[in-house]
């Protein structure tokens, strides 16, 4: 009888551990999805600001059409991306194009002094900071999930229920280089 009780206690503890591990994996997976959606919210805000910024710049930098087209092209590339990896890549292109756009303001003193441009630039810079924080949070949650999936003993539960590792939001090689603007 005592052996049966010990076996039942062990089985019960095992069931509790499996359920707890499974629930923590689900929770982390959902936090990854939520943190990705927070990045999306900030990117949407950025996309809403970009057309206004481009219209403001157009009046001052008519011969810089290529830079403006690059921003629009990068923005459209993100909108057509369907997976997080494609979105990460397109976001890198957009960040690079926006950096070039901001660099243009240094060459046009009238543009740099335009209050509408300054307000839009400030809003966009604020959004860029929020995007950076959201990316960091996303990567932190992905790290937690990936660790749980790979570490013993939770890796057994992760394998049984087919949890998969998530990709980190990383800068590509092009984004790591300094932006070169030529006039």
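In my numbering, the protein residues as written are -15 to 167. Glycine included, C-beta positions come from ideal geometry on N, C-alpha and C. As the structure is a prediction and not an experimental result, all values here were calculated from the model.
For residue 31, the three-state secondary structure derived from DSSP is helix. According to the DSSP assignment, residue 114 belongs to the alpha helix (DSSP H) that extends over 99 to 134. Exposure of residue 1 is indicated by the presence of fewer than 16 other C-beta atoms within 10 angstroms of its C-beta. The residue from 21, 40 and -8 with its alpha-carbon nearest to that of residue 99 is 40. Here residue 135 is exposed, its C-beta having fewer than 16 other C-beta atoms within 10 Å. Taking the CA atoms as reference points, residue 5 sits about 20 Å from residue -8. Inter-residue distance for residue 33 and residue 129 is about 33 Å (C-alpha atoms, whole angstroms). Using a 10 angstroms sphere on the CB of residue 26, the tally of other CB atoms reaches 16 or more, which defines it as buried.
A check of alpha carbon separations from residue 19 across 116, 138, 55 and 146 identifies 116 as the nearest.
Residue 104 is a Cβ neighbour of residue 37, given a cutoff of 8 Å. Per DSSP, the continuous alpha helix (DSSP H) segment holding residue 138 begins and ends at 138 to 144. For residue 77, the enclosing alpha helix (DSSP H) begins and ends at 68 to 91. For residue 58, the three-state secondary structure derived from DSSP is helix. With fewer than 16 other Cβ atoms from the protein chains shown falling within 10 Å of its own Cβ, residue -10 counts as exposed. Around residue 118, the same chain offers 22, 23 and 26 as residues with beta carbons nearer than 6 Å, after the five sequence neighbours per side are excluded.
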